[in-house]
Amino acid sequence: MKKRTLLVISLMLLMAFSVVAVAGCGGGGEQAEKKGPVKLLYVQWACASAETHIMKAILEDKMGYEVEIMDVTAAAMYEGLANKKAEAFFTAWLPVTHGEYMKQVKDQVEDLGPSMEGAKIGLVVPQYVTIDSIEEMNTVKDKFNGKIIGIDSGAGIMIASEEAIKNYNLDFELVEGSEGTMIASLKQAIDNNKWVVVTGWTPHWKFARWDLKYLDDPNKDYGEAETINTIVRQGLKEDMPEVYTLFDNFAWSPEDLGSAMGLAEDLGNAEDGAREWIKQNPELVNSWLPDQYKDK
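Counting in the working numbering, the sequence shown runs from 12 upward without gaps.
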């Protein structure tokens, strides 16, 4: 009799423990269940990395999604979204920098519009450089060693720079590389008080790190102020409505993006920088979230 009583008590305790365990793991199942994966594309630029890692952290930490991020070229970013290989990217610089890429896929993707206004591209020099316009560059060619330090071949700013070289009749070589090699060349020149001209854009943390200026562009080869737009694959609104709402709500200022890039640079890690930025900006992040995930 005692054995039977002990068995009944043991079974009751086991059932009670199971109920508590299920409740502790998320209750109704919707919160515990992993959703996704959400696939995001980005180019290895400071702005793109900051935006993408912030969205990744929000999706994972606040909305319970699995997220995959893929570092690709600018051309592959547009092509991948057009072919529905991913859900979104957040770094469409329009209308100039990525204008040609966008023309090729505009009927195959959805443009959610600007997440940020007031972006700019052009030729950038240290403030101690004594010229102020692209038109003056040939007169001081030797000080620049006849080189414009660029980034990735095929990037919109590189195409604009090729046009500028032609239209201003510049006797300069456009050096291909990456954002990293451009920054390294800029740093080395400034450390040695040398002249250097690089392809540059804002927002970017380099303007907080060093005293820089744009060279005037009277021909407007680099265009006017640009916007940074969010682009998603067709069908995302129907397939992942919560994710679509987050991306559609995403909007911030150049100062916000600049601080996010600065944190990633200072902490030496894009994910750590993203989570620290989210921690420092709870109200803005909350405004992007779908209603069911907002902090009340």
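Ideal placement from N, C-alpha and C gives every residue a C-beta, glycine not left out.
Note that this is a predicted model, so its numbers are computed, not measured.
- The beta carbon of Asp306 sits closer than 6 Å to the beta carbons of Asn297 from its chain, once the five residues preceding and following it are set aside; these are given in chain order.
- Taken in chain order, the whole alpha helix (DSSP H) runs of length 4 or more contained in the region 259–287 are 265–278.
- One alpha carbon belongs to Leu197, the other to Ile239, and they sit about 24 Å apart.
- DSSP places Asn240 in the strand class (E or B) of the three-state scheme.
- Remark: C-beta atoms of Leu92 and Ala85 do not approach each other more closely than 9 Å.
- Taken through DSSP and simplified to helix, strand or coil, Gly165 comes out as coil.
- Beyond the five residues adjoining it in sequence on each side, Val254 comes within less than 6 Å, by CB distance, of Val49 in the same chain, given in chain order.
- Bridge partners of Glu184 according to DSSP: Lys158.
- Trp299: member of the alpha helix (DSSP H) spanning 293–299, first to last residue.
- When the beta-carbon positions are compared, Ala175 and Asp228 come within less than 9 Å of each other.
- If you draw a 10 Å sphere on the C-beta of Tyr112, you find 16 or more other C-beta atoms in it, and that means buried.
- In this structure, the CA atom of Asp222 is about 37 Å from the CA atom of Glu71.
- In the three-state scheme derived from DSSP, where H, G and I count as helix and E and B as strand, Ala97 is classed as coil.
- Three or more Cβ pairs closer than 8 Å define a contact, and the region 247–261 meets that threshold against the region 118–127.
- In the structure shown, the three-state DSSP call for Tyr255 is helix.
- Less than 9 Å divides the Cβ of Thr210 from the Cβ of Ile160.
- Counting along the chain, Met66 sits inside the alpha helix (DSSP H) bounded by residues 57–72.
- In the structure shown, the three-state DSSP call for Leu226 is coil.
- Comparing alpha carbon positions, the residue from Pro265, Gly191, Lys205, Val208 closest to Ala219 is Pro265.
- Taken through DSSP and simplified to helix, strand or coil, Lys305 comes out as coil.
- Counted as a single uninterrupted DSSP element, the beta strand (DSSP E) harbouring Glu79 occupies residues 76–82.
- If you check the CB distance, Ile201 and Tyr89 do not come in under 9 Å.
- Approximately 12 Å separates the beta-carbon atoms of Leu52 and Lys67; this is outside 8 Å, ruling out the contact.
- An exposed status is given to Thr150, since fewer than 16 other beta-carbon atoms sit within 10 Å of its beta-carbon.
- Annotated as proximal: Pro214 and Ala130, with beta-carbon spacing under 9 Å.
- Val107 carries a coil assignment under DSSP once its states are collapsed to helix, strand and coil.
- Per DSSP, the unbroken alpha helix (DSSP H) holding Thr192 starts and ends at 190–202.
- From the listed residues Asn180, Val186, Lys177, the smallest Cα separation to Ser164 is found for Val186.
- In the DSSP assignment, Tyr53 is bridged to Asp82.
- Boundaries of the alpha helix (DSSP H) harbouring Lys217: 217–220, taken from the DSSP string.
- Per the coordinates, the alpha-carbon of Gly157 lies some 38 Å from the alpha-carbon of Ile80.
- In this structure, Ile65 sits away from Ala262, with a CB-CB distance that is not shorter than 9 Å.
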